[in-house]
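Engineer: Residue numbers (this note's numbering), protein chains in the order written: chain E, 1 to 446; chain R, 1 to 486. Before we start, here is the structure in question, set down as structure tokens.
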Amino acid sequence: MAETGLSEKRTCSDQGLGHYLPGDVPDANKWADCVHCGLCLEACPTYLETGHEHQSPRGRVHLIKSVAEGKVEMDEAFMDPVFTCLDCRACETACPANVQVGGLIEEARGQVRRAVPVTGWRKQMSRLFLEGLFPHPERVNKLGQLLRFLKSSGLSSFARKSGLMKLLPQHLNLLEQVTPEPGEPLRKKYQEVIPAQGVTRARVAVLTGCVMDAVFGEVNEATVRVLTRNGYEVHIPQGQTCCGALHVHAGEREAGRKLARRNMEAFAEADHVLVNAAGCGCAMQEYPELFKEEPEMREQAEAFAAKVTDVSRFLHHRGFEKPKGEIRARVTYHDACHLAHGQGVREEPRRLLQSIPGVEWVEMPEADRCCGSAGIYNITQPKMAQAVLESKMEYVPEDVELISMGNPGCMLQMAAGVLQHGRNARVVHTMELLDRSYREGDKKEV
Amino acid sequence: MFRKKERHSDPLIRKLMKLVGKEHVLHRQADLVAYECDGFTLQRGKARAVVFPGETKEVSAVVRLLHRERVPFIARGAGTGLSGGATPLGGEVIISLVRMKKLLRVDLDNRTAVVQPGFVNLKLTQAISKDGYYYAPDPSSQYACTIGGNVAENAGGAHCLKYGVTTNHILGAEVVLPDGEVIRLGEDGIPDQPGYDLLGLITGSEGTLGVVTEITVRILKAPEGKQTILAYFDDVEDGSRAVSDIISAGIVPAALEMMDRTAIEGVEAANFPVGHPLDIEALLLIEVDGIEAGFQSEAEDIVDVCRKWNVREVKVAKDEQEAAAWWANRKTGFGAMGAISPDYLVQDGVIPRSRLPEVLNKIRAISQETGLRIANIFHAGDGNLHPLILFDAQKPGEKEKALQAGSRCLKACADAGGSITGEHGVGIEKKEEMRFIFTDEEIEAQTRIRSVFNPDNLLNPDKLFPQPGRCAEVKQEIKEQQGLKV
Ligand SMILES: Cc1cc2nc3c(=O)[nH]c(=O)nc-3n(C[C@H](O)[C@H](O)[C@H](O)COP(=O)(O)OP(=O)(O)OC[C@H]3O[C@@H](n4cnc5c(N)ncnc54)[C@H](O)[C@@H]3O)c2cc1C
Ligand code: SF4
Ligand code: SF4
Chain E
1 MAETGLSEKR
11 TCSDQGLGHY
21 LPGDVPDANK
31 WADCVHCGLC
41 LEACPTYLET
51 GHEHQSPRGR
61 VHLIKSVAEG
71 KVEMDEAFMD
81 PVFTCLDCRA
91 CETACPANVQ
101 VGGLIEEARG
111 QVRRAVPVTG
121 WRKQMSRLFL
131 EGLFPHPERV
141 NKLGQLLRFL
151 KSSGLSSFAR
161 KSGLMKLLPQ
171 HLNLLEQVTP
181 EPGEPLRKKY
191 QEVIPAQGVT
201 RARVAVLTGC
211 VMDAVFGEVN
221 EATVRVLTRN
231 GYEVHIPQGQ
241 TCCGALHVHA
251 GEREAGRKLA
261 RRNMEAFAEA
271 DHVLVNAAGC
281 GCAMQEYPEL
291 FKEEPEMREQ
301 AEAFAAKVTD
311 VSRFLHHRGF
321 EKPKGEIRAR
331 VTYHDACHLA
341 HGQGVREEPR
351 RLLQSIPGVE
361 WVEMPEADRC
371 CGSAGIYNIT
381 QPKMAQAVLE
391 SKMEYVPEDV
401 ELISMGNPGC
411 MLQMAAGVLQ
421 HGRNARVVHT
431 MELLDRSYRE
441 GDKKEV
Chain R
1 MFRKKERHSD
11 PLIRKLMKLV
21 GKEHVLHRQA
31 DLVAYECDGF
41 TLQRGKARAV
51 VFPGETKEVS
61 AVVRLLHRER
71 VPFIARGAGT
81 GLSGGATPLG
91 GEVIISLVRM
101 KKLLRVDLDN
111 RTAVVQPGFV
121 NLKLTQAISK
131 DGYYYAPDPS
141 SQYACTIGGN
151 VAENAGGAHC
161 LKYGVTTNHI
171 LGAEVVLPDG
181 EVIRLGEDGI
191 PDQPGYDLLG
201 LITGSEGTLG
211 VVTEITVRIL
221 KAPEGKQTIL
231 AYFDDVEDGS
241 RAVSDIISAG
251 IVPAALEMMD
261 RTAIEGVEAA
271 NFPVGHPLDI
281 EALLLIEVDG
291 IEAGFQSEAE
301 DIVDVCRKWN
311 VREVKVAKDE
321 QEAAAWWANR
331 KTGFGAMGAI
341 SPDYLVQDGV
351 IPRSRLPEVL
361 NKIRAISQET
371 GLRIANIFHA
381 GDGNLHPLIL
391 FDAQKPGEKE
401 KALQAGSRCL
411 KACADAGGSI
421 TGEHGVGIEK
431 KEEMRFIFTD
441 EEIEAQTRIR
451 SVFNPDNLLN
461 PDKLFPQPGR
471 CAEVKQEIKE
481 QQGLKV
């Protein structure tokens, strides 16, 4: 499928490893659970698009196992399905045997990246995004500005030709809709501690995230307002960094580990680490997977992962102040994969949204089907991402005005879909709507 | 490294690409490894290529080519089959029908629907339920399996007790014969036709007579209502007796399913647990449907029967959600075995209902003798047992032991006056066990029927019947060589 720039292949066939390299080998226990029943097939967006067994969860697990058995090499034909996976985890929801397909895929990617380093434009891409951008908040913060500049300078057509920004130009358009003002990064705007309104119920720490903070600064602001209003003292540890999800998805597991260590340190004092980006929350809950071979770190990572919660779940479980301001709109909700499939968060955001007066609820069929955003997948696999988005858009009810969700990647992708299809709906984050209702309610009282 | 050149080195693959388009032919090692087996994993083989035709014309063209070149080939749906029907033995071209996945027509007045073979079973009910209709055959694999595969296997399901298996719901089909000719069987909407029931012959033929490319099915009006009952027993025999009594009381439940202790352990450890107690020996999951007054009183009668047989607890689902959860737990039961065992082999015997306790005892003995755990999930209403033999293929010798245990379970069913397959088919898995129920002559008669459609045995070769080398054909040859008249 995708053309790949490969350099010299280096594999070893140590005893028991098949064609894998020693260290951080895909976990045999994970694939042993798979009984090859195929009940996951129809849940998988890439299987639905291609009909190809190797582009299905069952096929992928089978191939990962076959490399360990020495039947398949870590060559292009293996890399293709492993990297075409959206890491959406829909298969994990469908699988009766609890096979951790996502974890296996990430481990396999780590192997491939070590065995077959990327070259060509893909390398430049991954350098740009994974090394140059995401670990550096100040640079990501400039992303929004950069995109605007690209557009106004006419450079976006150049970007498109170079193949790497296939989707970005659309995202540029929608950025202007979603964030009228270039969002101001939270870490600059607020101090490290933001006091609760009224009596303090508890102290919570918030991950600001890279994309969220740069592109959707408003969502972060809304999140902080919602939390403080509900009696939480919000901490924004300055030492925090990118969660590493994109690195782990790309197979850059060592880079992911580095970021994980920094975050675990930055949030050491916190009892609750709240996240408003599904992908980040899921990745942080899975830090223990990165330290399989370091028992001590693994233990720390487990303790840390236990503190990480999606903000909608946290609010819903601990009780939240009922919003009073009316939002008269037909609202639907898109389940971000890393909330629904990754963290089992489905009902909580719906309950929050449904509590807003005036909201006319429209349930989206197949709400938990992937939109194709999947981190930087829409940039590395533009064709598949677009096909998956097209399928997703078929399910978005025609006449809704607001599509709410809990992940910045999905927000960009869905906004691109809305734009392409000439829909009138606006894409929003659950926290934005809740915040708006609170504020509308306050206005009325005044 | 890169084998870009090698891609086209096989002229057959080039020709296939020409017929269906380059992107619809798979041939790389890793791609083919993904197709080395279906849901039955104990035997695997490597196909020469996988080809994805988009319409009947392409199927026919591909088949013609393969017929001309004398290359064996296999039809494949979702590959959820449990007897190796879609598994290559080596060198076949797999014709995957998953691109042909459209719902072509729904005719509510005549209660029929026309689908392409790759259309997924559950999608049909999903598409017509808003109008109050459904498609009755509901194999537990219905989330993924195709209607083409259902026709080939004559698939059954939990609700086939009352409504019948696939063959009772097929009204017509378009079939590509093994030489590429396209024929139509059955008249849309007309259930019975004079002459031989060729449609019935194709249904359940396990992909050995032709490639089904379009299917007309019967759809049913959804029942007015239904009720789901769950009963827990401390003794398997009590549960079995309750099953017999329910049926002999004249009640025809829509579904009547049973799981034993080990099976319950599996489903509760897996992804869709519902909180069944782990210390019961058997549970019954029963659904009654129809008009309100009818199924209410049936439900009451069923509860009474369960009480008579010392049920520990019996309850009626309080709402649809609860019933759906119970069903999801049951329907994912095979896959759930992955949570308690690295591998499993599912068997598929049929027995007269009244022999249930006796056969279960035999299966228990087989489990004890082989040291392998056996879970039992079954369509108890129609006596279709699914012993699930749990094993670890990594342990030397266990796979063989499991196969043996499976074969012995089937023997127990055959000895009790039953059969070796209720719905999963023979495939490669149960070829030898065909001898438990058929004589050599009977098998030979069937291979002759196959020869009428598939004279060169190019379509799905060496499936369904025991190797000719060991059956009647050979005996006949020997006799002929010896100058004996047959
Ligand atoms: C978890 C699980 C539960 C199951 N539960 C049930 C159950 O309750 N009842 C039941 O009956 N079965 C059950 N099965 C078995 C299986 O799902 C059925 O046999 C199903 O009908 C196979 O459909 P498929 O599309 O996967 O076909 P495949 O596995 O791809 O093929 C099966 C056979 O059909 C042939 N075939 C496929 N398509 C065509 C076609 N278009 N034309 C001609 N031949 C074709 C193939 O050559 C092969 O021989 C279960 C399987 C699993 C894994
Ligand atoms: S994670 Fe998503 S894309 Fe990947 S195998 Fe599972 S369902 Fe398919
Ligand atoms: S991943 Fe799960 S659902 Fe898919 S084939 Fe394996 S066991 Fe079945």
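A virtual CB, placed ideally from N, CA and C, is assigned to each residue, including glycine. Since the model is a prediction, treat every value here as computed from it, not as a measurement.
Can you give me the start and stop residues for the alpha helix (DSSP H) that F320 (chain E) sits inside?
Structural biologist: Going by DSSP, F320 (chain E) is part of no alpha helix (DSSP H) at all; its letter is neither H nor E.
Engineer: Quick one: which residues of the region 132-144 of chain R get their C-beta closer than 8 Å to a C-beta of chain E? List them in chain order.
Structural biologist: S141, Y143, A144
Engineer: Run through chain R and tell me which residues come within less than 9 Å of V72 (chain E), C-beta to C-beta.
Structural biologist: Q29, A30, V33
Engineer: Throw me the rounded Cβ distance for the C34 (chain E) and G338 (chain R) pair, which I believe falls under 8 Å.
Structural biologist: 6 Å
Engineer: So if I measure from each beta-carbon to every heavy atom of ligand 3 and keep distances below 7 Å, which residues remain?
Structural biologist: Counting every residue whose Cβ lies closer than 7 Å to a heavy atom of ligand 3, we get E:D33, E:C34, E:V35, E:H36, E:C37, E:G38, E:L39, E:C40, E:P57, E:R58, E:V61, E:C91, E:A94, E:C95, E:P96, E:A97, E:V99, E:V101, R:G335, R:G338.
Engineer: What does D348 (chain R) reach in chain E if we use C-beta pairs closer than 7 Å?
Structural biologist: At a C-beta separation below 7 Å, D348 (chain R) has no neighbours in chain E, since its nearest C-beta there lies roughly 15 Å away.
Engineer: Helix, strand or coil, according to DSSP, for W31 (chain E) in the structure here?
Structural biologist: helix
Engineer: Excluding five sequence neighbours on each side, which residues of the same chain lie with their C-beta closer than 6 Å to the C-beta of L402 (chain E)?
Structural biologist: A329, V331, R426, V428
Engineer: Is the shortest distance between the beta-carbon of F78 (chain E) and the beta-carbons of chain R less than 9 Å?
Structural biologist: yes
Engineer: Cβ closer than 7 Å: which chain R residues qualify as neighbours of G59 (chain E)?
Structural biologist: A34
Engineer: Enumerated in chain order, which unbroken segments of the beta strand (DSSP E) with a length of 3 residues or greater are wholly contained in the region 340-389 of chain E?
Structural biologist: 359-361
Engineer: In three-state terms, what does DSSP make of K307 (chain E)?
Structural biologist: In the structure shown, K307 (chain E) sits in a helix (DSSP, three-state: H, G or I).
Engineer: From the DSSP secondary-structure annotation, give me the bridge partner or partners of A453 (chain E).
Structural biologist: This structure cannot speak to residue 453 (chain E), because chain E is shown only from 1 to 446.
Engineer: Answer with yes or no whether the minimum CB distance from P81 (chain E) to chain R is below 9 Å.
Structural biologist: yes
Engineer: Within the 9 Å Cβ cut-off, does S60 (chain R) reach chain E?
Structural biologist: Taking Cβ atoms only, chain E never reaches closer than 9 Å to S60 (chain R), which makes this a no.
Engineer: Which same chain residues, not among the five before or five after V62 (chain R), have their C-beta less than 7 Å away from its C-beta?
Structural biologist: Scanning its chain for C-beta atoms nearer than 7 Å, with the 5 sequence neighbours on each side dropped, one finds around V62 (chain R) the residues L16, L19, V20, V51, P53, I95, in chain order.
Engineer: Shortest alpha-carbon distance to V217 (chain R) belongs to which of R:L108, R:A249, R:E298?
Structural biologist: R:L108
Engineer: I believe T56 (chain R) touches T262 (chain R) by the beta-carbon criterion, under 8 Å. Please report the beta-carbon distance rounded to the nearest angstrom.
Structural biologist: With 8 Å as the limit, T56 (chain R) and T262 (chain R) do not qualify as a contact, their Cβ atoms being about 45 Å apart.
Engineer: Would you check if there are 3 or more beta carbon pairs closer than 8 Å linking the region 278-296 of chain E to the region 243-250 of chain E?
Structural biologist: yes
Engineer: Leaving out five residues before and five after L174 (chain E) in sequence, what residues of the same chain have Cβ atoms less than 8 Å from its Cβ?
Structural biologist: For L174 (chain E), the predicted structure reports a pLDDT of 44, less than 50, and the residue's modelled location is therefore unreliable. A value from the coordinates is still provided. So the qualifying residues of the chain are L412, A415, A416, V418, L419, V427.
Engineer: Does at least one heavy atom of ligand 1 sit under 8 Å from the Cβ of P273 (chain R)?
Structural biologist: no
Engineer: Helix, strand or coil: which one does DSSP assign to K431 (chain R)?
Structural biologist: coil
Engineer: Is there a C-beta anywhere in chain E that falls below 9 Å from the one on S96 (chain R)?
Structural biologist: yes
Engineer: Could you tell me the distance, in whole angstroms, from the CA atom of V337 (chain E) to the CA atom of Y196 (chain R)?
Structural biologist: Residue 337 (chain E) is actually Cys in this sequence, not Val. C-alpha separation (whole angstroms): 52 Å.
Engineer: Taking just the CA atoms, how far does M431 (chain E) sit from V219 (chain E)?
Structural biologist: Approximately 7 Å between the Cα atoms of the pair.
Engineer: Shorter than 8 Å, the distance from the beta carbon of P253 (chain R) to the closest heavy atom of ligand 2, or not?
Structural biologist: no
Engineer: Name the residues in the region 91-120 of chain E whose C-beta lies less than 9 Å from a C-beta of chain R; which are they?
Structural biologist: E92, T93, A94, C95, P96, A97, N98, V99
Engineer: Return helix, strand or coil for S152 (chain E), following the three-state DSSP convention.
Structural biologist: A caution first: S152 (chain E) carries a pLDDT of 43, below 50, which makes its placement in the model unreliable, though a value can still be read off. Note: S152 (chain E) maps to helix in three-state DSSP.
Engineer: Spell out the partners DSSP gives A375 (chain R) in its beta bridges.
Structural biologist: R:L388
Engineer: Is the Cβ of L39 (chain E) closer than 9 Å to any Cβ of chain R?
Structural biologist: yes
Engineer: Name, please, each residue of chain R whose Cβ falls closer than 7 Å to the Cβ of E53 (chain E).
Structural biologist: Under the 7 Å cutoff, chain R gives A34, Y35, G79.
Engineer: Tell me the DSSP bridge mates of G172 (chain R)?
Structural biologist: R:T216
Engineer: Reducing DSSP to helix, strand and coil, say where G81 (chain R) ends up.
Structural biologist: coil
Engineer: Does DSSP put G441 (chain E) in a helix, a strand or coil?
Structural biologist: helix
Engineer: Decide if V193 (chain E) is buried, meaning its Cβ has at least 16 other Cβ atoms within 10 Å, or exposed.
Structural biologist: exposed
Engineer: Output yes if chain E places a C-beta closer than 9 Å to the C-beta of D279 (chain R); else output no.
Structural biologist: no
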